[in-house]
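In my numbering, the protein residues as written are 6 to 358. Here is the structure we will look at, set down as structure tokens.
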């Protein structure tokens, strides 16, 4: 199923009434009938007037309020998705930790006021960045095998992340609604980081890179594709634990395709993968009530040019990182209760498995 990712493609639909396409594109009209039209409205009014009954007294708002679960189900899919994204992203804040810095830039992600991740971009190590550019230049001779993926993944990564999984819009609409929301949360947080780091794209550092797709104008660090792909991989690993390894390798491939295309240095994916894993873990905890990453849950850090300060062992690149970081198998664990909008979502997601 083709579902747009958030890194490059804007939603072109009419925002007032048109739903997203996660499979939950039911409209929110409470009356039975066809789509609105002047002919139908005129006919309904004519039928109403024919009975000439006195008006029915209006009920108070308290008397007509439906249960929250019913309200959640009745919502237009786009409105419902807004509430899901809002709940998943609550309390996530990205802060510039080195305002005004030009060559060493640092930003922090806090969750509910608690620092969870530091990213640092060090532009003083010229040799490191020369090596990054040299790696991209060597990769451009191997683009043919990945060309179709590179082009399609500009706007669609979920079709690749769900490859081989029994998921479709008509069978798993709520699962796809969760994945769409996870992508949106990852996009927003990555965008906040990018706005602070303002990292130039590779072709701005060397004309030898020669990108083969349109290069985004926004900052390159951290990689949005890596952030979204690894967030999706983490959420999907909670639902398909036996496919966790495959999901993480696919996320790494999606990320690396951006380097083969010439629009990202490899190190930018590593930072995005760490960010995506963290966000994916938060989303799994909030939406499904499960803990997917082992460990005390302290603050992680990543600095360009230096192996990341993470536990388990260090990784040298995003592909190695994808194999070292193994999510927990949560299939045998009892989930914690989830309330509110996310509680309604969790019940529906689980009903699809």
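Ideal Cβ positions, reconstructed from N, Cα and C, are used throughout, including at glycine. Being a predicted model, the structure only gives us computed values, none of them experimental.
Whether residue i touches residue j by CB criterion (9 Å)
i	j	result
residue 82	residue 186	no
residue 163	residue 232	no
residue 261	residue 168	no
residue 339	residue 179	no
residue 109	residue 263	no
residue 220	residue 268	yes
Residue i - DSSP class collapsed to helix/strand/coil
i	result
residue 309	coil
residue 330	coil
residue 219	coil
residue 127	strand
residue 289	helix
residue 149	helix
residue 82	helix
residue 26	Reliability fails at residue 26, whose pLDDT of 49 lies under 50, so the model's placement of it is uncertain and no value is given.
residue 213	coil
residue 112	strand
residue 120	strand
residue 341	coil
residue 172	coil
Contact belief for residue i with residue j at Cβ below 8 Å, rounded distance in angstroms
i	j	result
residue 226	residue 265	Not quite, the Cβ-Cβ distance comes to about 18 Å (not below 8 Å), so this is no contact.
residue 276	residue 236	In fact, because the Cβ distance is near 13 Å, the residues do not count as touching under 8 Å.
residue 287	residue 99	Contact doesn't hold; Cβ gap of about 14 Å is too wide.
residue 257	residue 324	5 Å
residue 141	residue 270	7 Å
Backbone CA spacing between residue i and residue j [nearest angstrom]
i	j	result
residue 306	residue 357	36 Å
residue 204	residue 134	12 Å
residue 57	residue 41	24 Å
residue 280	residue 200	15 Å
residue 166	residue 304	27 Å
residue 92	residue 274	27 Å
residue 103	residue 113	10 Å
residue 290	residue 150	37 Å
Distance cut-off 8 Å: residue i Cβ against heavy atoms of the ligand PLP
i	result
residue 85	Only the bare structure without any ligand can be found here, which leaves the ligand PLP out of the picture.
Limits of the alpha helix (DSSP H) - the one that residue i falls within
i	result
residue 100	Careful: residue 100 lies outside any alpha helix (DSSP H), inside the beta strand (DSSP E) at 97-101.
residue 166	163-166
residue 357	Careful: residue 357 lies outside any alpha helix (DSSP H) and carries neither H nor E.
residue 179	178-202
residue 50	43-56
residue 229	229-244
residue 249	249-265
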